[in-house]
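Structure, as structure tokens:
There are 2 protein chains.
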Amino acid sequence: MANSAQGELRGGIDLGGTKIEAIIVDDANTVLGIARIPTPTTGGPSDVATAMAGVIQQAALAASVEVARLAGIGVGSPGTVDRQAGSVSGARNLPGWTGSFPLAAKLEALLGRPVAVGNDVEVATNAEHVLGAGKPYDSLLGVFWGTGIGGGIVLERKLWLGRGGAGEIGHTVIRQNGRRCTCGRRGCLEAYAGRAAMEIRARKLHEGGMHTDLFEIMSQHGHDRLTSGIWQRAIESGDKLAHKLVDRAVSALGAGIASAVNLLEVEAVIIGGGLGVRFGHPYVERIAAEMRPHLFVDDRPPPVHLAGLGDLGGALGAALEAPRRGPALTAISGRLDG
Amino acid sequence: MANSAQGELRGGIDLGGTKIEAIIVDDANTVLGIARIPTPTTGGPSDVATAMAGVIQQAALAASVEVARLAGIGVGSPGTVDRQAGSVSGARNLPGWTGSFPLAAKLEALLGRPVAVGNDVEVATNAEHVLGAGKPYDSLLGVFWGTGIGGGIVLERKLWLGRGGAGEIGHTVIRQNGRRCTCGRRGCLEAYAGRAAMEIRARKLHEGGMHTDLFEIMSQHGHDRLTSGIWQRAIESGDKLAHKLVDRAVSALGAGIASAVNLLEVEAVIIGGGLGVRFGHPYVERIAAEMRPHLFVDDRPPPVHLAGLGDLGGALGAALEAPRRGPALTAISGRLDG
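Laid out in structure tokens, this is it:
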């Protein structure tokens, strides 16, 4: 894409359950190269790390730079991330990822560059705050509507991590003793609005005799699960079951997000994630409308925005985590001058 | 109580819908005198302010000090508080309180001392954080289980106020399209667990033919509503309807508080409020047990504590808000020395 890049370059890798996406950015966070591969479905963490190293090399190739020129590489990973140790545990959607794996150390060994790891939802929230739709605000709630429902919180212009696992808006109880969630609990927002839960529900209703084209569209496009694109096609073709389930998801999101706003009173809400980005503005407005009846401070509903970085938010957020040369040099020169 | 008080003295007034409580404290927040009167049920904000001035004078008398000796007086008020302006609006439980009223200015005119006003739930949360069960923690959620369900949030050892109205955990949606809340919305936690909502529900079930001694106990004690003490007596005498409604409230609190913990991952939860303090430790443990099935990070549930300051938390929190002489003098001497 660009072969005359100036200044310090960084890499960002968005590790997802379906795809791994890597980018190269410059000082201004301009994307110089992108590469994308499907996430390995077999093997273990070490194989995933090898695939990640491959895709960052492809992104560097696309940007016409050497990986060796990168100041550092940042990773956004699912699961529980220990930022200090650079390790990841509990990444349920990745193959054979049992226990904790030293992802940063493994990638550093493969690539010869410093690597930092953050949680995928947290880095995507930070990206929206620093570069995207959240730029004007000091506090915000990022809601990522995809396979699950992820959430990230920015307060006083900083990510709020709690004891490390904050932001789990997907597991807000919106219906006590309600539907079984993919997490095993009952009545979670994600049990009504997560794409995985919506697919389970669609299959059940379809098997129970309700008509839907969802699974036919899925087969036609050679998929084995209901992607965001399949949901969109079914909605556009007026599929009643798809409409029913998406309407239910939107209403659940409205209740769950309004509850979070009642608690935190953030300045804005940002909607991202696979389904959020795919459905876009009209659905962001529908979510805002479904929030309104539940907002306790109802004379100043917070603005609800579509994620400004679209699908790239995860990789850009990862790149924001990447270790840099700059600050360290400044610190040293500061010490020499002082 | 004490007539040889040393150092700087402050007043605190907890303005409630039922009672107004005032205290005098010293530098160490030791309570030197207490007074309590019923909240006026007629008149308007000006009459309430006059009653408040009277009760702080009674508390000063009890402490054997002059109101003129107080460095300042703090107030915890229901409704929406503008801290800068010292004004209160939307205090629905107080007589004739329509629009905004300059409570601090009115009290300063009546008492001749500087007055600061904060929201009642916020100051009570701060009191638990600074002086009570929340002392060991950098972050916590205070839940005040009374007529309504109030909430206060401390993050990084500071109250989180959002855009001014944060903490409304009582209006977390725990059941979409559920029971009508006293706020007019549907399915709020407060609609299941607030004492006002529980009384409405008890009346309805009683009128529908269910047996309960709740209203008989109420008449025997000369009350016209179901106080925390009446609920406790009914529970202790094995009243089935009272048990049913309190069980429902505890389960609703478990779901609502767990959702807030999933979002914020605070280090601890503190349970206060009229019903919370009255029911005490066994019910705090029951709430903690009801939270557990909903906690997403389930290997380290946050400790759930009973409010350490009991009924006095509101007045102590108010006293913590009181303007002080000390810091101002220090600042001046700092400037002179500098």
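Protein sequences appear in the order of chains A and B.
The working numbering runs 52 ahead of the 1-based position in the first sequence.
The working numbering runs 52 ahead of the 1-based position in the second sequence.
A virtual CB, placed ideally from N, CA and C, is assigned to each residue, including glycine.
Nothing here was measured: the structure is a model prediction, and the numbers come from that model.
Contact between Arg62/A and Ala371/A holds, since their C-beta atoms are separated by about 5 Å, short of 8 Å. Residues of the same chain with a CB within less than 7 Å of the CB of Leu347/B, apart from the 5 flanking positions on each side, are Ala310, Val313, Asn314 and Pro353 in chain order. With a cutoff of 8 Å on beta-carbon distance, Gly239/B and Ile226/B are scored as near each other. Taking CB atoms only, Gln228/A has a neighbour in chain B less than 8 Å away. Taking 9 Å as the upper bound on Cβ-Cβ separation, chain A lies near no residue of the region 271-302 of chain B.
For Phe348/A, the secondary structure class from DSSP, reduced to helix, strand or coil, is coil. Taking the CA atoms as reference points, Leu278/B sits about 12 Å from Gly246/B.
Around the beta-carbon of Lys158/B, 16 or more other beta-carbon atoms lie within 10 Å, marking it buried. In the DSSP annotation of this structure, the continuous segment of the alpha helix (DSSP H) that includes Asn178/A starts and ends at Asp172 to Val182. According to the DSSP assignment, Ser141/B belongs to the beta strand (DSSP E) that extends over Ser139 to Ser141.
A direct Cα-to-Cα measurement between Lys71/B and Ile323/B gives close to 20 Å. Counting every other CB atom within 10 Å of its CB across the protein chains shown gives Arg237/B a total of 16 or more, marking it as buried. By the Cβ rule, the region 190-206 of chain B counts as touching the region 324-336 of chain B, because three or more pairs are nearer than 8 Å.
Annotation for Asp99/B: Pro92 place their beta carbon closer than 6 Å to its own, counting only its chain and skipping 5 residues before and after. With contacts defined by Cβ atoms closer than 8 Å, Arg135/A and Val169/A form a contacting pair. For Ala185/B, no beta strand (DSSP E) segment is defined, and its DSSP state is neither H nor E. Within a 10 Å sphere around the beta-carbon of Gly59/B sit fewer than 16 other beta-carbons, which makes this residue exposed. In the three-state scheme derived from DSSP, where H, G and I count as helix and E and B as strand, Arg253/A is classed as helix.
Membership of Glu242/A in any beta strand (DSSP E) is not indicated; the residue belongs instead to the alpha helix (DSSP H) covering Glu242 to Ala245. In this chain, the alpha helix (DSSP H) harbouring Glu268/A covers Leu266 to Gln272. Closest in alpha carbon position to Gly148/A, among Gly69/A, Ser303/A and Gly138/A, is Gly69/A. Within the same chain, and ignoring the five residues on either side of Ala218/A in sequence, the residues whose Cβ sits closer than 8 Å to its Cβ are Ile205 and Trp212.
Using a 10 angstroms sphere on the CB of Gln228/B, the tally of other CB atoms reaches 16 or more, which defines it as buried. Judged by beta-carbon spacing, Gly202/A lies within the 8 Å limit of Gly325/A, meaning their Cβ atoms are closer than that value. With respect to Ala114/A, Ile86/A sits close: the two C-beta atoms are nearer than 8 Å. Considering only Ala320/A, Ile282/A and Ala254/A, the residue with the shortest C-alpha distance to Tyr189/A is Ala320/A.
The region 108-127 of chain B makes no contact with the region 336-343 of chain A: fewer than 3 CB pairs, one atom from each, lie closer than 8 Å. Ranked by Cα distance from Ile108/A, the options Gly365/A, Ser152/A, Gly164/A and Gly96/A are led by Gly164/A.
Less than 8 Å separates the beta-carbon of Leu297/A from that of Met250/A. Runs of the alpha helix (DSSP H) spanning 4 or more residues and lying entirely within the region 61-128 of chain A occur at 97-114, in chain order. A residue is called buried when at least 16 other Cβ atoms come within 10 angstroms of its Cβ; Thr82/A does not meet this threshold and is exposed. When secondary structure is reduced to three states using DSSP, Val329/B falls in the helix class.
Under the DSSP assignment, Ala312/A falls in the alpha helix (DSSP H) whose first and last residues are Lys292 to Leu316.
Annotated three-state conformation of Trp212/A is coil, per DSSP. Pairing Ala367/B with Ala74/B gives a Cβ-Cβ distance under 8 Å. If you draw a straight line from the Cα of Pro97/B to the Cα of Ala137/B, it comes to about 16 Å.
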